[in-house]
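Colleague: Have a look at this one before I ask anything.
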Amino acid sequence: MSKNSKKIQVEVKETAKNKDGFVELELYVNEEKIGMIQQETGSPVTVISNSGTESKARSVDEGINQLIMDYNLHTI
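At the far end of the sequence shown sits residue 76, using UniProt numbering, and the numbering has no gaps.
In structure tokens, the structure reads:
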């Protein structure tokens, strides 16, 4: 028996808090917000999951991967 593959839509949206030197992104999977990524110029990337857990990442891409891995671990 084979398992049907599900289509999963991942979106990264900028928030209204973005300004010069500060970036805030929200990550959505199938229109459900799974976390946020914040970065201030010269600082490491802060990853905030929906459960409120904060962690650091070296890059925005690494932060996105962390949020998706956390989502897959606890949801799928």
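By construction, the Cβ of each residue, glycine as well, lies at the ideal position given by its N, Cα and C atoms.
Rounded to whole angstroms, what's the CA-CA distance from residue 40 to residue 3? Just pull it up for me.
Modeller: Counting from 1 along the sequence shown, the entry for residue 40 is found at position 40. Counting from 1 along the sequence shown, the entry for residue 3 is found at position 3. Residue 40 and residue 3: Cα-Cα distance of roughly 42 Å.
Colleague: In this structure, how does DSSP classify residue 8 when only helix, strand and coil are distinguished?
Modeller: As a first step, residue 8 must be located in the sequence shown, where it is residue number 8. In this structure, residue 8 counts as coil in the three-state DSSP scheme.
Colleague: Could you check the C-alpha separation between residue 50 and residue 60 for me, to the nearest Å?
Modeller: Locating residue 50 in the sequence shown gives position 50, counting from the first residue. Locating residue 60 in the sequence shown gives position 60, counting from the first residue. For residue 50 and residue 60, the distance between alpha carbons rounds to 17 Å.
Colleague: What number of angstroms, rounded off, separates the C-alpha of residue 58 from the C-alpha of residue 52?
Modeller: One-based indexing of the sequence shown puts residue 58 at position 58. One-based indexing of the sequence shown puts residue 52 at position 52. When rounded, the distance between both Cα atoms is 19 Å.
Colleague: Since I believe residue 46 is in contact with residue 56 (beta carbons under 8 Å), could you give me their beta-carbon distance rounded to a whole number of angstroms?
Modeller: Position 56 of the sequence shown, counted from the first residue, corresponds to residue 56. Position 46 of the sequence shown, counted from the first residue, corresponds to residue 46. About 6 Å separates the two Cβ atoms, so the contact holds.
Colleague: Is the beta carbon of residue 27 less than 8 Å from the beta carbon of residue 73?
Modeller: Taking the first residue of the sequence shown as 1, we reach residue 27 at position 27. Taking the first residue of the sequence shown as 1, we reach residue 73 at position 73. For residue 27 and residue 73, no; Cβs fall outside 8 Å.
Colleague: Take residue 14 as the anchor and find which of 30, 29, 8, 38 has the nearest alpha-carbon.
Modeller: Position 14 of the sequence shown holds residue 14. Nearest in C-alpha terms to residue 14, of all of 30, 29, 8, 38, is 38.
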